[in-house]
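Asker: Below: one structure in structure tokens.
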Amino acid sequence: MLPWDPQGRARSGLRRPCAAVATWLAQVPLEDVRDVVGFLRPTVMDELLAKIAAASAVPPAATSADANPPGGLSPAPSDASDEAPTGNNP
Numbered sequence: 072m073l074p075w076d077p078q079g080r081a082r083s084g085l086r087r088p089c090a091a092v093a094t095w096l097a098q099v100p101l102e103d104v105r106d107v108v109g110f111l112r113p114t115v116m117d118e119l120l121a122k123i124a125a126a127s128a129v130p131p132a133a134t135s136a137d138a139n140p141p142g143g144l145s146p147a148p149s150d151a152s153d154e155a156p157t158g159n160n161p
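Letter by letter, the sequence shown follows residues 72 to 161 in this note's numbering.
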């Protein structure tokens with residue numbers, strides 16, 4: 072939630088509860104800004120920018136563990152009778 076006050080005493084200028092959603096990004100051209108009624112304190116702005124950066128971060132590349140089929144099943148091991156004997160088996 073962003074800082075607000077029903078009488079407009081918050082530095083943000085917001086008079087009712089408002090939230091910034093870090094995943095709803097939009098570019099607003101400067102000429103489309105009609106009025107500035109307040110601002111966010113640097114600590115609030117830093118927290119918001121950190122959430123935006125985290126939400127827009129590129130997910131890490133898939134690992135070999137992610138390459139398994141759905142359900143976490145691995146390919147079936149080969150049948151032991153098809154393998155050459157190893158070790159000192161009599």
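Virtual Cβ for every residue (Gly too), placed ideally from N, Cα, C.
Below 6 angstroms CB to CB, which residues in the same chain sit around residue 122 once its five sequence neighbours on both sides are set aside?
Answerer: 93
Asker: Closer than 6 angstroms by C-beta to residue 126: which residues in its own chain qualify, once you throw out the five before and the five after it? Chain order, please.
Answerer: 93, 94
Asker: Once the 5 residues before and after residue 84 are set aside, which same chain residues still bring their CB inside 6 angstroms of it?
Answerer: Around residue 84: 108, 109.
Asker: What whole-angstrom Cβ distance do residue 115 and residue 74 have, given they're in contact under 8 angstroms?
Answerer: Rounded, the Cβ-Cβ distance is 6 angstroms, consistent with contact.
Asker: Pop quiz: residue 90 and residue 72 are said to be a contact at Cβ under 8 angstroms. What is the actual Cβ separation, rounded to whole angstroms?
Answerer: 5 angstroms
Asker: For a test of the three-state rule: what should DSSP assign to residue 115, helix, strand or coil?
Answerer: helix
Asker: State yes or no: is the C-beta of residue 105 within less than 8 angstroms of the C-beta of residue 82?
Answerer: Contact flag unset, no.
Asker: Is residue 76 helix, strand or coil when you go by DSSP?
Answerer: coil
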